[in-house]
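Numbering (this note's numbering), first residue to last: 489 to 605.
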């Protein structure tokens with residue numbers, strides 16, 4: 489099974505969205521999560537809560553014991569130990585969405601190429 493790794497401190501987390509977790513994510517957000525990234529491209533700031541809801545859903549395949557409070561602690565460690573922000577999660581999320589069938593590899597590569605130019 490495909491997954492994307494997220495390193496926080498000494499721990500490595502496997503992120504993956506199954507169909508079941510994708511549907512649960514859409515219900516939790518109330519919209520397709522790709523819309524969040526389209527809004528970012530338009531200059532709209534995402535809510536930290538939405539970013540953490542997405543992270544929670546992506547953890548469920550391999551780290552199903554992670555509840556909301558553990559996700560908050562994980563993000564705090566990500567910010568403190570790695571010096572990262574919620575925006576650093578976006579490329580990680582895009583890779584997970586690609587592996588999970590939300591977006592095609594070609595679409596992701598075209599977007600990366602457009603950002604370079």
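The C-beta atom is built at its ideal place from N, Cα and C for all residues, glycine as well.
Collapsed DSSP secondary structure at residue i in the structure displayed
| i | result |
| --- | --- |
| residue 493 | strand |
| residue 505 | coil |
| residue 588 | coil |
| residue 569 | helix |
| residue 549 | coil |
| residue 533 | coil |
Contacting residues, own chain, Cβ-Cβ under 7 Å from residue i (five flanking each side not counted)
| i | result |
| --- | --- |
| residue 596 | Confidence in residue 596 is poor, its pLDDT being 49 and thus under 50, which makes the residue's placement unreliable; the coordinate value appears in the next sentence. Excluding residues within five positions, the ones whose Cβ falls inside 7 Å are 582, 586. |
| residue 542 | 513, 521, 581 |
| residue 517 | 538, 541 |
| residue 584 | 492, 503, 504, 505, 546 |
Given residue i as reference, the closest of the options once Cα atoms are compared
| i | options | result |
| --- | --- | --- |
| residue 514 | 538, 533, 497 | 538 |
| residue 590 | 510, 545, 556 | 510 |
| residue 560 | 575, 544, 503, 592 | 544 |
Sequence-distant residues of its chain with Cβ nearer than 6 Å to residue i (five each side left out)
| i | result |
| --- | --- |
| residue 566 | 496, 572 |
| residue 490 | 587 |
| residue 553 | none |
Opposing strand residues paired with residue i [DSSP bridges]
| i | result |
| --- | --- |
| residue 618 | Residue 618 lies beyond the stretch modelled for the chain, which goes from 489 to 605, so this question has no answer here. |
Residues near residue i in its chain [Cβ-Cβ closer than 8 Å; skip 5 each side]
| i | result |
| --- | --- |
| residue 501 | 493, 494, 495, 547, 550, 551, 562 |
Closer than 8 Å to chain C by CB, residue i
| i | result |
| --- | --- |
| residue 559 | This model lacks chain C altogether; it includes just one protein chain. |
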